Amino acid sequence: MFNHTTEVLPIEALLPDLLETLGSGTRCILEAAPGAGKTTRVPLALLRAAWLDGKGILMLEPRRMAARNAARYMASLLGEKVGQTVGYRVRLDSRVSASTRITVVTEGVLTRMLQDDPELQGVGCLIFDEFHERSLNADLGLALALDCQQGLRDDLRLLIMSATLDSGPLLKLLQQDFSGAVPVLRSEGRAWPVETHHLPLPRADIPMERWVADAVRRALREENGSILVFLPGTGEIRKVEALLQDVRSDTVHLCPLYGDLPAAEQDAAIAPVWAPVRKIVLATSIAETSLTIEGVRVVIDSGLARTVRFDAGTGMSRLVTERVSLASAEQRRGRAGRTEPGVCYRLWHQGDEAGMAAHIRPEILDADMAPLCLELAVWGITAPSSLHWLDEPPVEAVNQAIPLLRSLEAVDAAGRVTARGRVMARLPLHPRLAHMVLAAKAFGLGKAACLLAAMADERDPLRLRDVDIRPRLALLGHGQGSPAVFRIREAAHQIGRLVDAAGEPPHRTPMSIPEEEQAGVLLALAYPDRLAQKRSRGSYRMANGRGGFLDDTDSLADEPVLAVGAVNGGSGNVRIWQAAPLSQETVAALYQTQFTKNEDVVWDSREQAVAARKRVSFGAFIIEETPLRNGDASLADRMAQAVLSGIRELGMSCLPWTEELYQWRLRVELLRAVDKGGDWPDVSEEALLTGLEDWLVPFLQGISRRSQFSKIDLAAALHALLPWRKQRELDAMAPTHMEVPSGSFIRLLYEASAEGIVPVLAVKLQEMFGMQESPAIAEGKVPVLVHLLSPAGRPLQITRDLKGFWKNGYPAVRAEMRGRYPKHPWPEEPFTTLPTRLTNRRLQNRS
1 MFNHTTEVLP IEALLPDLLE TLGSGTRCIL EAAPGAGKTT RVPLALLRAA
51 WLDGKGILML EPRRMAARNA ARYMASLLGE KVGQTVGYRV RLDSRVSAST
101 RITVVTEGVL TRMLQDDPEL QGVGCLIFDE FHERSLNADL GLALALDCQQ
151 GLRDDLRLLI MSATLDSGPL LKLLQQDFSG AVPVLRSEGR AWPVETHHLP
201 LPRADIPMER WVADAVRRAL REENGSILVF LPGTGEIRKV EALLQDVRSD
251 TVHLCPLYGD LPAAEQDAAI APVWAPVRKI VLATSIAETS LTIEGVRVVI
301 DSGLARTVRF DAGTGMSRLV TERVSLASAE QRRGRAGRTE PGVCYRLWHQ
351 GDEAGMAAHI RPEILDADMA PLCLELAVWG ITAPSSLHWL DEPPVEAVNQ
401 AIPLLRSLEA VDAAGRVTAR GRVMARLPLH PRLAHMVLAA KAFGLGKAAC
451 LLAAMADERD PLRLRDVDIR PRLALLGHGQ GSPAVFRIRE AAHQIGRLVD
501 AAGEPPHRTP MSIPEEEQAG VLLALAYPDR LAQKRSRGSY RMANGRGGFL
551 DDTDSLADEP VLAVGAVNGG SGNVRIWQAA PLSQETVAAL YQTQFTKNED
601 VVWDSREQAV AARKRVSFGA FIIEETPLRN GDASLADRMA QAVLSGIREL
651 GMSCLPWTEE LYQWRLRVEL LRAVDKGGDW PDVSEEALLT GLEDWLVPFL
701 QGISRRSQFS KIDLAAALHA LLPWRKQREL DAMAPTHMEV PSGSFIRLLY
751 EASAEGIVPV LAVKLQEMFG MQESPAIAEG KVPVLVHLLS PAGRPLQITR
801 DLKGFWKNGY PAVRAEMRGR YPKHPWPEEP FTTLPTRLTN RRLQNRS
């Protein structure tokens, strides 16, 4: 079967066992270390299996580059061209024929094949290669394949292959509702030893790209062979490439390698070279698996990867740069030992590895669920839990995706797929973009929509500084351009062909769109939840409730309405990267059937006042707003409720409290604590805020803004909480004043402390002569804390034990104070001395 130059790889020793295993069962896990040869040898070996009975093999690869190269290499082993026995199908590219038996596909293509033919007729074995990468489409494909096997094709073989996956959870999944055993076969790879060096950044102020370039120069000096450099993204690749222009020569080639690179440049990056020529391949994580780059014996690993994280709370995705997992780091390191002993430079501290995740985080836990939910709806499932998953889709993200699909007319109110949704699912586009290109046909904007969809997939390779999408579309539609422009045009042409072939979806009512708004209409069709209204120059509020901003120097910074495309999501306001202007009238024409009409009576936090208005809106996008008139009988009640919301937002301190009312609260709280059977209301701040409706509403008539809060009769509102009888009990048990031995009525102050509410009596020491027992309130249950003051009103002693003070503390106080205040009485026997407010002279004059 193979041509005579084929080398023997470690996986081949396991092939007889694999053939026998799949001959007696329909599910199998194959663990094979990098370099074992599983990707190219296994499918070819399975072709001769009797149980295949002439059917074909589908093998899934996580990336288009890997799929194309695996197919090409297998075809070369057979001495054939791609598209004969071995072919491939990837997004917008296909090389298959009637004679093709092995088809290498990307995972999204498998989903489409299953939707078109749920029985997968003509397919005998389905192989999931590099499953450890845990892409969203791989998880979805496996869930659908298991459903197909259980319900329609019990003879379909499923083989899951991986290099670094923890097979325990996968084995448990495959055993669910399955009567047979699921074998796990293991093959060791063929790897040469790799010497590892750790070269962490010496200082935080050194750019990572510069340190990578320095590491490349070191490797060029100290090692031979080609160098594979792992960087997080294309931006870093370009920066490092620029820093290394001085090393480029006839014998040192710089080769970028990333997913959006044209196929010819990708092929150049992985093509072999011969000494004395060396390659420096600057790659993203695309080079971790499935690809063998000939001649590489040095790896330089930045330890970083860029991935998409979807925030269900905001409905937006954002790119994040994060530390790779230990498994990914080992995959990268192993690339240096594929053909001979190698060297790996890791640009981090060795101790950092203790904090690195063991395996890559599954994409399904952080991805936008809209594409997955649409596929499930086409499959006939409205609840993801109906299928078996290795990791079930997060409920919050699913709950965010369904309303979006409804707004895109892809599913109905019950979550069932619509006719438009079926057509959308057939296109190799996100549901947003699929909806846009289909709807744009009714407006005569099909070509521009396809260009916009193709550019979205390319991540804006034109890199214009202005946010306005219109110059980008103009460059794409006319004249000469860069290779990136031609690539986008070709992709747009293919999308257009697929749209035409997909059939005519239900038409929208045609409408005339001014030329300057056409780009805005396209963005609005794809991102209705990102229609944005200007708040101030460069600041916008979007229909999804989020804030967005762009530079105040941008040409669109003063537009009243924007249709927003690309954004950089986050926890706060998001930066708008692509947008186009749109008129309020066009928004109304596009989405009037989804408008909501409300009469809102709410507290406006910015104005600190009640806002009573009639509002027509599209999400948080305000179409029309007029004030409510007082003729509505229920308006007063609704305004009072809005004021209560404002009070809760501002806190109880916004009400017109006086010291007397504060003391009243503390007195009631004290009696509630000590008089358990007294039925005293809870007047704590928390309870008062919670029960505002019960005690404050009757006193809010005519109150609509914070500046009027001083008019609230707070005393009457609080006192109404106590019946007249309880108010008398309050005055008796927790009085505001207390008579002391001198005959004076001294105010009691109630203070909150860690011990509870404490009544405090601040009185001059001479007025307490003759009093032996400490005072108490609440029928003697609560002792009063006495602050004994000097004649000048300064504290001398704080006590709850007067008797003990007279006996033990007073002598020292008398000795110190009689010289300082000689005009005031300081008797030796305070127990028997009459209390007084007078000085010695006045006492003598009185006598």
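Taken in order, the sequence shown gives residues 1 to 847; the numbers are from full-length UniProt numbering. For each residue, glycine too, the CB sits at the ideal point set by N, CA and C. All values reported here derive from a predicted model rather than from experimental measurement.
- For GLN84, there is no enclosing alpha helix (DSSP H), since its DSSP letter is neither H nor E.
- Remark: fewer than three beta-carbon pairs, one from each stretch, lie closer than 8 Å, so the segment 219 to 229 and the segment 367 to 377 are not flagged as touching.
- Burial is judged here by how many other beta carbons sit within 10 angstroms of a residue's own beta carbon; PHE745 has fewer than 16 and is exposed.
- In this structure, DSSP gives ALA687 a helical state, which the three-state scheme calls helix.
- For the options ASP260, PRO341, VAL643, the alpha carbon positioned closest to that of GLU195 is the one of PRO341.
- Around the beta carbon of ALA67, a 10 Å sphere encloses 16 or more other beta carbons of the protein chains shown; the residue is thus reported as buried.
- The beta carbon of LEU525 sits closer than 7 Å to those of HIS435, MET436, ALA439, ALA440, all from its chain and outside the five residues before and after it, given in chain order.
- Going by C-alpha positions, ILE495 is about 17 Å away from PRO262.
- Distances from the CA of ARG535 to each of VAL182, PRO560, GLU517, GLU515 were compared; the closest alpha carbon is that of PRO560.
- Straight through space, the alpha carbons of GLN150 and ARG186 are spaced by roughly 26 Å.
- Here ALA36 carries a coil assignment [DSSP, helix/strand/coil].
- In the structure shown, the three-state DSSP call for THR196 is strand.
- Between the alpha carbons of LEU14 and ASP412 lies a gap of roughly 50 Å.
- Shown here, PRO16 sits in a helix according to DSSP, grouped into three states.
- In terms of Cα proximity to VAL105, the closest of VAL216, LEU77, PRO43 is PRO43.
- Contact between ILE777 and MET733 holds: their C-beta atoms lie close to 6 Å from each other, under 8 Å.
- Rounded to the nearest whole angstrom, the CA to CA distance from LEU171 to ARG27 is 10 Å.
- Here MET161 is not near ASP139, since their CB atoms are 7 Å or more apart.
- When DSSP states are grouped into helix, strand and coil, ALA620 belongs to the coil group.
- Contact between PHE699 and GLN772 does not hold, since their C-beta atoms are separated by about 47 Å, which reaches or exceeds 8 Å.
- DSSP lists GLU739 as the bridge partner or partners of PHE745.
- Under the three-state reduction of DSSP output, GLN797 falls in the strand class.
- Residue nearest to GLU779 within the set LEU556, ASP731, ARG422 is ASP731 (criterion: CA-CA distance).
- The three-state secondary structure of LYS807, taken from DSSP, is helix.
- Note that the segment 608 to 623 touches the segment 587 to 599; at least 3 beta-carbon pairs, one per stretch, sit closer than 8 Å.
- Counted as a single uninterrupted DSSP element, the alpha helix (DSSP H) harbouring TRP724 occupies residues 724 to 733.
- Between ARG95 and VAL82, the CB-CB gap stays under 7 Å.
- Following the DSSP letters along the chain, one finds MET59 inside the beta strand (DSSP E) bounded by residues 56 to 61.
- Beta-bridge pairing by DSSP links ASN568 to ARG575.
- When GLY141, SER135, ASP116 are compared, the shortest CA-CA separation from LEU126 is found for GLY141.
- For PRO835, the secondary structure class from DSSP, reduced to helix, strand or coil, is coil.
- Taking a contact as a CB-CB distance under 8 Å, the pair PRO256 and LEU228 does not count as one, their CB atoms being some 12 Å apart.
- Residue state for GLY108 is assigned as helix, using DSSP reduced to three classes.
- When C-alpha distances from LEU722 are compared across TRP664, LEU30, ARG606, the shortest belongs to TRP664.
- In this structure, the alpha-carbon of ALA419 lies about 14 Å from that of PRO431.
- The residue from VAL567, LEU582, GLN584, SER583 with its alpha-carbon nearest to that of ILE576 is VAL567.
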